[in-house]
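The structure under discussion appears below in the form of structure tokens.
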Amino acid sequence: MSEQMTASVDVDLSQPSILSRRSPWRPLLLLGGLVVLVMLPYWIYPPVAMDILCWGLFAISVDLLLGFTGLLSFGHAAFWGGSAYATGLIATTWGVPFPVAVLGGAAFAMLIAVPIGFLSVRRTGIYFAMVTLAFAQMLYFIANQARDLTGGENGLQGIPRSFFGIEAIEQDSFYFYYAGAALILVGIIIAWRVVNSPFGRVITAVRDNPARARALGYDVERYKIGAFVISAGLAGLAGGVFAISHGFASLQELVWTTSGKVVLVTVLGGIGTLWGGLVGAGVVVTLEDSLASSGFEGIGMITGAIFVVIVLLFRHGIWGTGRDLVRRWVIDRRSRPRG
Amino acid sequence: MSSATPLLETRSLTKEFRGFRAVSEVDLTVSEGSVHALVGPNGAGKTTLFNLLTGFLTPSSGSVLFDGRDITGLAPEQIAPLGIARSFQITSLFEQMTLREHLELALASPTGMGRQWWRPVSRMSVFADRSMELLDQVGLADRAGVPAGSLAYGQKRALELAIALALDPRLLLLDEPTAGMGIEDIDRTITLVKRIASGRTVVLVDHNMHVVGSLADRVTVLQAGQILAEGPYDEVRTDERVITAYLGSAHV
Numbered sequence: 001m002s003e004q005m006t007a008s009v010d011v012d013l014s015q016p017s018i019l020s021r022r023s024p025w026r027p028l029l030l031l032g033g034l035v036v037l038v039m040l041p042y043w044i045y046p047p048v049a050m051d052i053l054c055w056g057l058f059a060i061s062v063d064l065l066l067g068f069t070g071l072l073s074f075g076h077a078a079f080w081g082g083s084a085y086a087t088g089l090i091a092t093t094w095g096v097p098f099p100v101a102v103l104g105g106a107a108f109a110m111l112i113a114v115p116i117g118f119l120s121v122r123r124t125g126i127y128f129a130m131v132t133l134a135f136a137q138m139l140y141f142i143a144n145q146a147r148d149l150t151g152g153e154n155g156l157q158g159i160p161r162s163f164f165g166i167e168a169i170e171q172d173s174f175y176f177y178y179a180g181a182a183l184i185l186v187g188i189i190i191a192w193r194v195v196n197s198p199f200g201r202v203i204t205a206v207r208d209n210p211a212r213a214r215a216l217g218y219d220v221e222r223y224k225i226g227a228f229v230i231s232a233g234l235a236g237l238a239g240g241v242f243a244i245s246h247g248f249a250s251l252q253e254l255v256w257t258t259s260g261k262v263v264l265v266t267v268l269g270g271i272g273t274l275w276g277g278l279v280g281a282g283v284v285v286t287l288e289d290s291l292a293s294s295g296f297e298g299i300g301m302i303t304g305a306i307f308v309v310i311v312l313l314f315r316h317g318i319w320g321t322g323r324d325l326v327r328r329w330v331i332d333r334r335s336r337p338r339g
Numbered sequence: 340m341s342s343a344t345p346l347l348e349t350r351s352l353t354k355e356f357r358g359f360r361a362v363s364e365v366d367l368t369v370s371e372g373s374v375h376a377l378v379g380p381n382g383a384g385k386t387t388l389f390n391l392l393t394g395f396l397t398p399s400s401g402s403v404l405f406d407g408r409d410i411t412g413l414a415p416e417q418i419a420p421l422g423i424a425r426s427f428q429i430t431s432l433f434e435q436m437t438l439r440e441h442l443e444l445a446l447a448s449p450t451g452m453g454r455q456w457w458r459p460v461s462r463m464s465v466f467a468d469r470s471m472e473l474l475d476q477v478g479l480a481d482r483a484g485v486p487a488g489s490l491a492y493g494q495k496r497a498l499e500l501a502i503a504l505a506l507d508p509r510l511l512l513l514d515e516p517t518a519g520m521g522i523e524d525i526d527r528t529i530t531l532v533k534r535i536a537s538g539r540t541v542v543l544v545d546h547n548m549h550v551v552g553s554l555a556d557r558v559t560v561l562q563a564g565q566i567l568a569e570g571p572y573d574e575v576r577t578d579e580r581v582i583t584a585y586l587g588s589a590h591v
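First to last, the sequence lines map onto chains A and B.
Here the first sequence stands for residues 1 to 339, numbered as in the numbering used here.
Here the second sequence stands for residues 340 to 591, numbered as in the numbering used here.
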């Protein structure tokens, strides 16, 4: 069969997740996550905290494809950036509250994901990555050329942050963080629901053995397109909040290195872990921010070096490695004789 | 034993790979309710024929008819819902899924539940009872919760059968159900296939003449992609051409 395994994904589903319903860790971890989510803008500069959440959801959207469907998209900037522009245009043109603009941006991302997904899921592995990259580049050039609409190289400036006249959120990035975080949280919950649904079961089956899935009567390509469109919607949600947070959408959001960076963040956090994307984003965004503010120029060198180390030493990324350590510790304690 | 209406029929079915004819002008007729065996030396085109019947390959020419309907060129996921299930020659499972999850996935397929991304995966447990029944039928009920990757070889083959049965097919295609098995497992599999074959039509490929002899109502012998002989097992077994072509070297 021509449908070999795509990206080499090594996810051990036989082990119960430490977030599974029966796990005693679950309430503790969820509580910890909530505390971090609420406290983050106290600890770090609020716009940076917002960036972490946006990139975290962006990475989760990539993991939905890479870790759970077995597809390495190298063109996710199309959905992140496409939505950033769409969100900006909607907010600027109609002055709607920003969550409406962001949802419009996400819808736009899903809309363009339908034809892109339709044309790319027939390919697997590196060919899939190249087709998605090609579409993302097309969008980049369109955005660069359509100056009247997108501002060309200057980008879309002065995107308003309208929120029902509540000035604290419209003006203060600290309070805006909580409004933006609510939208990101919705995205994270959707991703979690998708992974733990009957649909999620089917896409992991497609990832592990497409020929067998087809023999069971599952239309492998349609399921891949479905996962692709959902993933694009989540990337669009993240990109929309990002554009509102910064007040502008630039070509930087559509350039191919953005597609590369989000794959890096995903791998850093841990492929097939879902939550890893948030951790990876936390590391990369804070690192970039602190290096940039110290005037250091070789940011790419540092993140690249960290990436190499993580990939070589910790195959399951930061989240995956931590999870494995906790599991081993729990199993050790259980098997150790008492007294 | 077998009624007159053919459930499966191929007409001049041909598959060429770059000028090499793996399957050549095959006219096969499988009667409803029969167990039909395809035998032949390695490279005779048995697995290629299987892949043509199930849509994993598209024929170069000729046609496939299932229950009188032309299914030539349909995709595997379109053929499966019509009531054709297959097992794979090389064990083909989802290594990390538990046995019960395999069967739930197979049972959910025709219901369209797999499209539900907004519902919890626990909804699939509506198929739990039927899954356990099927696992029980193949003697794997006590392993329901373990991942398929941890099964012994013979158990994996049994799971393949349970999955094929979950689709409740009218036509069951078994590609070497006893491949790589020891004597004990082979006898167990024969009993199993006999049990599940009742009320269904089965086409099976096997190299083992003991398996073919115990199960098949009719045997088609393939050689170099063509039908060499066809008939009841005892008749085919004594056919001169078959003996020289195939059985002669393997069976005397």
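Cβ coordinates follow ideal geometry from the N, Cα and C atoms, glycine included.
If you're wondering where the values come from, they're calculated on a predicted model, not measured in any experiment.
Item to check | Per-residue burial, Leu28 of chain A [other beta carbons within 10 Å of its own, 16 or more giving buried] | outcome: What you label residue 28 of chain A is simply residue 28 of the first sequence in a count that begins at 1. Here Leu28 of chain A is exposed, its C-beta having fewer than 16 other C-beta atoms within 10 Å.
Next on the checklist: Strictly by DSSP, which residues pair up with Glu569 of chain B?
Outcome noted: Counted from its first residue, the second sequence places residue 569 of chain B at position 230. In the DSSP assignment, Glu569 of chain B is bridged to B:Thr559.
Next on the checklist: Is there a Cβ of chain B sitting closer than 8 Å to that of Ile271 of chain A, yes or no?
Outcome noted: Counting from 1 along the first sequence, the entry for residue 271 of chain A is found at position 271. For Ile271 of chain A, the nearest beta carbon of chain B is not closer than 8 Å to its own beta carbon.
Checklist entry - Taking the alpha carbon of Val532 of chain B as the point to measure from, which residue in B:Val550, B:Ile522 and B:Glu523 has its own alpha carbon closest? => result As a working mapping, residue 532 of chain B is identified with position 193 in the second sequence. Distances from the CA of Val532 of chain B to each of B:Val550, B:Ile522 and B:Glu523 were compared; the closest alpha carbon is that of B:Val550.
Next on the checklist: I need the boundaries of the alpha helix (DSSP H) containing Leu504 of chain B, first residue and last residue.
Outcome noted: Numbered from its first residue, the second sequence carries residue 504 of chain B at position 165. It spans Tyr492 to Ala505 - the alpha helix (DSSP H) in which Leu504 of chain B sits, taken as one unbroken run.
Checklist entry - Who are the near neighbours of Lys354 of chain B in its chain, counting only those whose CB is closer than 7 Å to its CB and skipping five residues on each side? => result Sequence index remark: in the second sequence, residue 354 of chain B carries index 15 (1-based). If we look at Lys354 of chain B and ignore the five residues flanking it on each side, its Cβ neighbours are Ala361, Val362, Thr387, Leu391, Leu396, Pro398 and Ser399.
Checklist entry - Going by the CB atoms, is the gap between Arg122 of chain A and Glu253 of chain A shorter than 8 Å? => result The sequence position of residue 253 of chain A within the first sequence is 253, counting from 1. The sequence position of residue 122 of chain A within the first sequence is 122, counting from 1. At least 8 Å separates the beta-carbon of Glu253 of chain A from that of Arg122 of chain A.
Next on the checklist: What does the alpha-carbon distance come out to for the pair Leu421 of chain B and Gly81 of chain A?
Outcome noted: What you label residue 421 of chain B is simply residue 82 of the second sequence in a count that begins at 1. What you label residue 81 of chain A is simply residue 81 of the first sequence in a count that begins at 1. One C-alpha to the other measures close to 44 Å.
Next on the checklist: Measuring only the C-alpha atoms, how far is Ser341 of chain B from Ile203 of chain A?
Outcome noted: Taking the second sequence and counting its residues from 1, the one referred to as residue 341 of chain B is at position 2. Taking the first sequence and counting its residues from 1, the one referred to as residue 203 of chain A is at position 203. Summary for Ser341 of chain B: the model assigns pLDDT 43, below 50, so the residue's position carries little reliability; its value from the coordinates is reported in the next sentence. So the alpha carbons of these two residues sit roughly 41 Å apart.
Next on the checklist: Would Arg214 of chain A pass as an interface residue toward chain B - the criterion being a Cβ-Cβ separation below 8 Å?
Outcome noted: Locating residue 214 of chain A in the first sequence gives position 214, counting from the first residue. The beta carbon of Arg214 of chain A sits closer than 8 Å to some beta carbon of chain B.
Next on the checklist: Once DSSP output is grouped into helix, strand and coil, what is the label at Ile423 of chain B?
Outcome noted: Taking the second sequence and counting its residues from 1, one reaches residue 423 of chain B at position 84. Three-state result, Ile423 of chain B: strand.
Item to check | Start and end residues, alpha helix (DSSP H) containing His441 of chain B | outcome: Taking the first residue of the second sequence as position 1, residue 441 of chain B is located at position 102. In the DSSP assignment, His441 of chain B falls within the alpha helix (DSSP H) that extends over Leu438 to Ala447.
Item to check | Range of the contiguous alpha helix (DSSP H) that encloses Thr286 of chain A | outcome: Position 286 of the first sequence, counted from the first residue, corresponds to residue 286 of chain A. Gly276 to Ser293 is the extent of the alpha helix (DSSP H) around Thr286 of chain A.
Checklist entry - Is DSSP giving Leu216 of chain A helix, strand or coil here? => result What you label residue 216 of chain A is simply residue 216 of the first sequence in a count that begins at 1. Note: Leu216 of chain A maps to coil in three-state DSSP.
Next on the checklist: Using a Cβ-Cβ distance cut-off of 8 Å, determine whether Val465 of chain B contacts chain A.
Outcome noted: Translated into positions along the second sequence, residue 465 of chain B becomes position 126. Interface with chain A (8 Å Cβ-Cβ cutoff): Val465 of chain B is excluded.
Item to check | Secondary structure of His316 of chain A, DSSP reduced to three states | outcome: Here residue 316 of chain A refers to the residue found at position 316 when the first sequence is read from its first residue. It is coil, neither helix nor strand.
Checklist entry - For Met436 of chain B, which residues of its own chain have a beta-carbon under 8 Å away from its beta-carbon, when the five flanking residues on both sides are left out? => result Within the second sequence, the letter at position 97 stands for residue 436 of chain B. Around Met436 of chain B: Leu444, Pro486 and Ala487.
Checklist entry - Who pairs with Arg360 of chain B in a beta bridge, going by DSSP? => result In the second sequence, the residue the question calls residue 360 of chain B occupies position 21. Per DSSP, B:Glu355.
Item to check | Residues that Ala249 of chain A bridges to, as DSSP identifies them | outcome: The residue labelled residue 249 of chain A in the question sits at position 249 within the first sequence. Answer is A:Leu156.
Checklist entry - Using 8 Å as the Cβ pair cut-off and three pairs as the minimum, do the region 30 to 37 of chain A and the region 87 to 94 of chain A touch? => result As far as the Cβ criterion goes, the region 30 to 37 of chain A does not touch the region 87 to 94 of chain A, which means the pair count is below three.
Checklist entry - Per DSSP, what kind of secondary structure is Glu348 of chain B in: helix, strand or coil? => result Residue 348 of chain B sits at position 9 when you count from the first residue of the second sequence. Strand.
Next on the checklist: What would DSSP say about Arg328 of chain A, mapped onto helix, strand or coil?
Outcome noted: Counting from one through the first sequence, the residue named residue 328 of chain A turns up at place 328. Residue state, collapsed to three classes: helix.
Checklist entry - Would Ser2 of chain A count as contacting chain B if we go by Cβ distances under 8 Å? => result Residue 2 of chain A sits at position 2 when you count from the first residue of the first sequence. The predicted position of Ser2 of chain A is uncertain, since its pLDDT is 37 and thus under 50; a value taken from the coordinates is nonetheless stated next. Answer no: the Cβ-Cβ gap between Ser2 of chain A and chain B never drops below 8 Å.
Item to check | Contact belief for Phe68 of chain A with Gly200 of chain A at Cβ below 8 Å, rounded distance in angstroms | outcome: Counting from 1 along the first sequence, the entry for residue 68 of chain A is found at position 68. Counting from 1 along the first sequence, the entry for residue 200 of chain A is found at position 200. The beta carbons of Phe68 of chain A and Gly200 of chain A sit about 7 Å from each other, so the pair counts as a contact at 8 Å.
Item to check | Proximal chain B residues relative to Pro210 of chain A, where beta-carbon distance stays under 8 Å | outcome: Residue mapping note: residue 210 of chain A aligns to position 210 of the first sequence, counting from 1. Ordered by position in chain B, no residue passes the 8 Å Cβ test against Pro210 of chain A, which lies about 10 Å from the chain.
Item to check | CA nearest to the CA of Ala182 of chain A, picked from A:Val309, A:Val326, A:Phe98 and A:Ser73 | outcome: The residue labelled residue 182 of chain A in the question sits at position 182 within the first sequence. Residue A:Phe98 is the option with its Cα nearest to Ala182 of chain A.
Item to check | Status (buried if at least 16 other CB within 10 Å, exposed otherwise) for Phe427 of chain B | outcome: Counting from one through the second sequence, the residue named residue 427 of chain B turns up at place 88. Phe427 of chain B comes out buried.
Item to check | Where Leu474 of chain B falls: helix, strand or coil (DSSP) | outcome: For the purposes of this step, residue 474 of chain B is taken as residue 135 along the second sequence, with counting starting at 1. Helix.
Next on the checklist: I want to see whether chain B comes within less than 8 Å of Gly217 of chain A, judged by CB atoms only; does it?
Outcome noted: For the purposes of this step, residue 217 of chain A is taken as residue 217 along the first sequence, with counting starting at 1. Output row for Gly217 of chain A: interface = yes.
Checklist entry - Where does His549 of chain B fall in DSSP's three states? => result Translated into the one-based positions of the second sequence, residue 549 of chain B becomes position 210. His549 of chain B falls in the helix class under three-state DSSP.
Checklist entry - Just to confirm, are Tyr85 of chain A and Glu416 of chain B a CB contact at a threshold of 8 Å? => result Translated into the one-based positions of the first sequence, residue 85 of chain A becomes position 85. Translated into the one-based positions of the second sequence, residue 416 of chain B becomes position 77. No; because the gap between Cβ atoms is not below 8 Å, this pair is not in contact.
Next on the checklist: Tell me which residues share the same chain as Tyr572 of chain B and place their Cβ nearer than 6 Å to its Cβ, disregarding the 5 neighbours each side in the sequence.
Outcome noted: For the purposes of this step, residue 572 of chain B is taken as residue 233 along the second sequence, with counting starting at 1. By the criterion of a C-beta distance shorter than 6 Å, Tyr572 of chain B is surrounded in its chain by Gly552, Ala555 and Val558, once the five residues flanking it on both sides are discounted.
Next on the checklist: Let's test the definition: count the other Cβ atoms within 10 Å of the Cβ of Arg212 of chain A and tell me whether it reaches 16, buried, or not, exposed.
Outcome noted: Here the question's residue 212 of chain A lines up with position 212 in the first sequence. In summary, Arg212 of chain A is buried, with 16 or more beta-carbon neighbours lying within 10 Å of its beta-carbon over all protein chains present.
Checklist entry - According to the neighbour-count rule (16 or more other Cβ atoms, all chains shown, within 10 Å of its Cβ), is Val195 of chain A buried or exposed? => result Residue 195 of chain A sits at position 195 when you count from the first residue of the first sequence. Flag for Val195 of chain A reads buried.
Item to check | Interface flag, Ser448 of chain B vs chain A, CB-CB below 8 Å | outcome: On the second sequence, residue 448 of chain B is found 109 positions in, with the first residue counted as 1. Put simply, the CB of Ser448 of chain B is near chain A, with a gap under 8 Å to one of its CB atoms.
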